[in-house]
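In case it helps, our numbering puts the sequence shown at residues 663 to 961.
No residue lacks a Cβ here, since even glycine has one placed at the ideal position from N, Cα and C.
Only a predicted model underlies this, so the values are computations on that prediction, with no experimental measurement involved.
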Amino acid sequence: MDNTSVSLLILNGKSADNLPLREAVTALRDQGHQLHVRVTWEKGDAARYVDEATQRGAQTVVAAGGDGTVNEVATALAQVEQAMRPALGILPLGTANDFATSAGIPEEMEKALALALIGKATAIDIVRVNDDSYFLNMATGGFGTRITTETPERLKAALGGVSYLIHGLMRMDALKPDRCEIRGENFQWQGDALVIGIGNGRQAGGGQQLCPEALINDGQLDLRIFTGEELLPALFTTLTHPDESPNIVDGSSAWFEITAPHDITFNLDGEPLSGTHFRIEVLPSALQCRLPPDCALLK
């Protein structure tokens, strides 16, 4: 991609005063890149900015924020006609940055922005849930989801990813499993789930490797269930010696269907979705994403 190509950076409003980012934008513009910056204020802004980028003929839309911002931008891009769809670039500015960390995106702002603008675009999968919701990295359900959605913003701002663990320890009274049934290709399981991870990517919740073998361009989802029998022993074994835990069930499929007798909540890259039935399916090679050449999430 030459420097005359147009790119649009969608910045989470919480990071609008980020000085290293401002300096990186200036440096890349000085190199000749046409980079427009838009700041989000409320839900729906990212979709409007993606529409603007499409109208401008932008080659790249950069999601600058955490996993929630990446999800919102990727979801909007998935709605664009494929022939006009810009590539996705990622600038990690959130609390956890689970997808960016797994993908090996640099933390240094100028390097990350350069990768987002001129890195090689690679086809990756995105995942659709119940026809109108999406995730790029991971859907998590159960106790972990309740913790990540309830963790106070001030605690996350002060402590980053470890805030989820601290808040979880404070909420051990809420430790109870969800009864559900999960089906996929050559897979069926029914029981009490303490945590459910359905991964296109590998980690969630500030660094927890729920699906350590997942790839984002293989047309498959990895599933990991932490079963809820004998809750505290199961949780302790799972956290300390996961390879030895009898409370872990793994699976892989291009789709999963989950049904429950009561409402359960899944966290889709930071966006909660509640219900009693979920259809989760891969859309293979739906997006182009600018990633490091040695990205561990690619086959």
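Item	Value
Can at least three beta-carbon pairs, one atom from the region 682–691 and one from the region 790–797, be found at a separation below 8 Å?	no
Please specify which runs of the beta strand (DSSP E), each continuous and at least 3 residues long, are wholly inside the region 688–759, giving them in chain order.	696–702, 722–727, 749–754
Could you give the C-beta distance for Leu690 and Leu697, rounded to a whole number, given that I count them as a contact under 8 Å?	6 Å
Which residue wins for smallest C-alpha separation from Phe918, given the options Trp851, Gly803, Arg941?	Arg941
May I have the straight-line CA-CA distance separating Arg864 from Gly932, to the nearest angstrom?	15 Å
How do the region 734–751 and the region 937–952 stand: do at least 3 beta-carbon pairs fall below 8 Å, yes or no?	yes
Who pairs with His939 in a beta bridge, going by DSSP?	Thr921
Comparing alpha-carbon positions, which option in Gly804, Pro908, Asp884 lies nearest Val857?	Gly804
Kindly identify the DSSP beta-bridge partner or partners of Cys951.	Leu750, Thr784
Spell out the partners DSSP gives Phe761 in its beta bridges.	Answer is none; Phe761 lacks a bridge partner.
For His695, count neighbouring C-beta atoms within 10 Å of its own C-beta (all shown protein chains included) and say buried if the count is 16 or more, exposed if not.	buried
On the three-state DSSP scale, how would you describe Gly675?	helix
Which stretch, first to last residue, makes up the beta strand (DSSP E) that contains Ile887?	883–889
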